[in-house]
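Asks:
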Amino acid sequence: MSDFAEKLIAWQQAHGRHDLPWQQTRDPYAIWVSEIMLQQTQVSAVIAYYDRFMQRFPTIASLAEAEQDEVMRYWSGLGYYSRARNLHHAAQTIMREHCGIFPTDFDTIQTLKGIGRSTAAAISVFAFNQRQTILDGNVKRVLARLYAVEGWPGLPDVEKKLWQIAESVLPSQGLPAYVQGLMDFGATLCTRSKPNCHRCPMQASCLAYQQQMVSVLPAPKPRKALPEKQTTVLMILDAGEILLERRPNHGIWGGLWSLPELSPSALAVPHVKTTFDMDVEPLETLPVLWHTFTHFKLEITPQPLLLQGKRPPPAPNQQWLALEDAVAAALPTPVRTLIKELQQLRF
DNA sequence: AAGTCGGGGCT
DNA sequence: AGCCCAGACTT
Numbered sequence: 340m341s342d343f344a345e346k347l348i349a350w351q352q353a354h355g356r357h358d359l360p361w362q363q364t365r366d367p368y369a370i371w372v373s374e375i376m377l378q379q380t381q382v383s384a385v386i387a388y389y390d391r392f393m394q395r396f397p398t399i400a401s402l403a404e405a406e407q408d409e410v411m412r413y414w415s416g417l418g419y420y421s422r423a424r425n426l427h428h429a430a431q432t433i434m435r436e437h438c439g440i441f442p443t444d445f446d447t448i449q450t451l452k453g454i455g456r457s458t459a460a461a462i463s464v465f466a467f468n469q470r471q472t473i474l475d476g477n478v479k480r481v482l483a484r485l486y487a488v489e490g491w492p493g494l495p496d497v498e499k500k501l502w503q504i505a506e507s508v509l510p511s512q513g514l515p516a517y518v519q520g521l522m523d524f525g526a527t528l529c530t531r532s533k534p535n536c537h538r539c540p541m542q543a544s545c546l547a548y549q550q551q552m553v554s555v556l557p558a559p560k561p562r563k564a565l566p567e568k569q570t571t572v573l574m575i576l577d578a579g580e581i582l583l584e585r586r587p588n589h590g591i592w593g594g595l596w597s598l599p600e601l602s603p604s605a606l607a608v609p610h611v612k613t614t615f616d617m618d619v620e621p622l623e624t625l626p627v628l629w630h631t632f633t634h635f636k637l638e639i640t641p642q643p644l645l646l647q648g649k650r651p652p653p654a655p656n657q658q659w660l661a662l663e664d665a666v667a668a669a670l671p672t673p674v675r676t677l678i679k680e681l682q683q684l685r686f
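Numbers given in the working numbering equal positions in the first sequence, counted from 1, plus 339.
1. Would you kindly report the start and end of the unbroken alpha helix (DSSP H) that includes H354?
2. Any idea if V619 is buried or exposed, counting beta-carbon neighbours within 10 angstroms, 16 or more meaning buried?
3. Can the beta-carbon of S604 be found closer than 8 Å to that of L670?
4. Rounded to a whole number of angstroms, what is the C-alpha to C-alpha distance between H630 and E638?
5. One question on the structure: do V611 and L660 come within less than 8 Å of each other, judged by their Cβ atoms?
6. List the residues that DSSP assigns as beta-bridge partners of M617.
7. Can you list, in chain order, the residues of its chain whose CB lies under 8 Å from that of Y420, leaving out five sequence neighbours each side?
8. Less than 8 Å between C-beta atoms, sequence neighbours within five positions excluded: which residues of the same chain meet that for V481?
9. Looking at the unbroken alpha helix (DSSP H) that takes in T432, where does it start and where does it end?
10. Using a Cβ-Cβ cut-off of 8 Å (strictly less than) and excluding sequence neighbours within five positions of Q682, which residues of its own chain qualify?
11. Are the beta-carbon atoms of M541 and L485 separated by less than 8 Å?
12. Could you give the distance in angstroms between the alpha-carbon of R422 and the alpha-carbon of A405?
13. From Q362 to I433, what does the alpha carbon distance come to, in whole angstroms?
14. With a CB to CB cut of under 6 Å and the five nearest residues on each side skipped, what residues in its chain are close to W371?
15. Considering Cα atoms alone, identify which of L509, D446, K533, L426 is closest to K346.
16. Below 8 Å on the Cβ atoms is my guess for A460 versus T472; work out the distance and round it to an integer in Å.
17. Determine the closest residue to A516 out of A505, S341, Q351, with distance taken between C-alpha atoms.
18. Does the beta-carbon distance from Q642 to L601 come in below 8 Å?
19. Return helix, strand or coil for K679, following the three-state DSSP convention.
20. Check the DSSP bridge columns for D636 and list the partner residues they point to.
21. Taking the alpha helix (DSSP H) that A400 belongs to, which residues open and close that run?
22. Could you check if N477 is buried or exposed, using at least 16 other CB atoms within 10 Å of its CB as the buried criterion?
23. Please state whether DSSP places N532 in a helix, a strand or coil.
24. Please state whether the Cβ-Cβ distance between G453 and A400 is less than 8 Å.
25. Check whether the segment 536-552 touches the segment 487-496, taking contact to mean three or more Cβ pairs, one atom from each stretch, closer than 8 Å.
26. Have a look at R365 and T447 and give me their C-alpha separation to the nearest angstrom.
27. Where does K568 land, buried or exposed, given buried means 16+ other C-beta within 10 angstroms?
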């Protein structure tokens with residue numbers, strides 16, 4: 340038996356979960372229902388649904404005979420409703436094509452709707468004590484760390500490698516405890532954030548731990564490049580003071596004081612004349628600034644301007660502030676950065 | 001290979 | 001406000 344499997348089984352016996360409702364049985368139907376409910380759904384959310392469902396549909400036959408509407412009612416709130424439709428459909432398939440007996444053959448199990456390789460493996464192990472491996476999100480994380488597998492596990496090549504590793508570390512016996520251990524270990528110790536490496540029996544052999552890669556493995560799903568927007572902000576100066584404008588309550592930086600904004604296509608000098616009734620002269624430009632929000636990147640072009648002549652009275656949503664006060668004010672970070680840069684340029 | 005399904009917990 | 005969860009299926 341691989342060193343990993345041996346340690347995992349020992350860990351499972353000491354620290355794993357043993358009292359979940361679907362662990363008290365070897366009925367393939369009960370285990371099947373639990374596995375479907377647990378797809379992309381946390382244990383704590385499943386338990387109540389599982390108990391209610393099994394009370395109403397205790398057997399394959401009772402589920403197959405039920406109206407789809409009633410099945411859906413018992414699933415309502417769990418999400419991923421195709422799981423319930425597939426479960427219902429597969430129950431009827433078993434009645435029709437398998438004499439009402441849940442199939443024991445691994446490949447046959449996978450032909451049932453809603454059962455892929457990992458779920459088929461879980462059923463095969465827990466109900467029939469067969470030698471198969473699962474590969475769910477927990478197991479992917481555990482193996483990606485133990486074997487320092489780089490790349491997002493959703494990539495076919497990476498997933499293939501993880502299946503291969505999962506098979507290679509499979510013990511020859513004690514499969515139920517081992518597979519339950521895989522899941523419990525990933526769910527409670529080798530967690531996504533803040534894994535408990537101190538209490539990990541695999542620490543010495545964990546490649547990610549050795550290479551200090553635990554926090555970056557497995558690699559997160561690559562995000563699509565954020566859309567880029569651009570804007571120009573006006574830095575209108577007069578007597579060591581800068582003109583600030585309160586932003587509308589809705590939208591980005593809602594209600595915050597900021598710099599007046601200008602659509603990138605507009606010309607600064609005429610715009611300021613029309614909008615603010617000020618005569619200004621352009622100053623030396625500052626470098627463009629990038630700011631990243633959660634949903635887009637913003638290219639901010641600062642446009643410093645020097646007021647010529649008399650300062651008109653500020654509108655209610657405007658104020659003049661000394662540069663050093665502006666730096667200390669509660670302005671959006673990139674705006675403060677720009678004002679700081681301008682301040683240093685002046686002296 | 002990418003999109004879809006989903007409520008809920010976590011950060 | 002994303003990201004992820006005992007994934008599988010469709011496009």
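Yeah, the Cβ is synthetic: ideal placement off N, Cα and C, and Gly gets one too.
Replies: Let me spell this out:
1. Note, H354: alpha helix (DSSP H), 342-354.
2. Answer is buried; the Cβ neighbour count reaches 16.
3. Taking 8 Å as the Cβ cut-off, S604 and L670 do not qualify as a contacting pair.
4. Between the alpha carbons of H630 and E638 lies a distance of about 7 Å.
5. No.
6. Looking at the DSSP output, M617 bridges to nothing.
7. Within the same chain, Y420 has close Cβ partners M411, W414.
8. In its chain, beyond the 5 residues on either side, L521, F524, G525, C529 have a beta carbon closer than 8 Å to the beta carbon of V481.
9. T432: member of the alpha helix (DSSP H) spanning 421-436, first to last residue.
10. The answer, listed in chain order, is L662, E663, V666.
11. Yes; because the gap between Cβ atoms is below 8 Å, this pair is in contact.
12. Straight through space, the alpha carbons of A405 and R422 are spaced by roughly 16 Å.
13. In a straight line, the C-alpha of Q362 is about 23 Å away from that of I433.
14. Short of 6 Å from the beta carbon of W371, and not among the five residues preceding or following it, lie these beta carbons of its own chain, in chain order: I462.
15. The shortest C-alpha to C-alpha distance from K346 to any of L509, D446, K533, L426 is the one to L509.
16. With a Cβ gap of about 6 Å, A460 and T472 count as contacting.
17. Nearest option by C-alpha distance: Q351.
18. Going by beta carbons, Q642 and L601 fall inside the 8 Å limit.
19. Looking at K679 - three-state DSSP - the assignment turns out to be helix.
20. Before going further, note that residue 636 is Lys rather than Asp in the sequence given. According to DSSP, which records beta bridges pairwise, K636 is partnered with E567, T631.
21. Per DSSP, A400 is one residue of the alpha helix (DSSP H) stretching across 399-404.
22. That one is buried.
23. The residue you asked about is not Asn; residue 532 is Ser in the sequence shown. Collapsing the DSSP output to three states places S532 in coil.
24. Cβ atoms of G453 and A400: not closer than 8 Å.
25. The segment 536-552 is in contact with the segment 487-496.
26. In this structure, the CA atom of R365 is about 19 Å from the CA atom of T447.
27. Its Cβ having fewer than 16 others within 10 Å, K568 is exposed.
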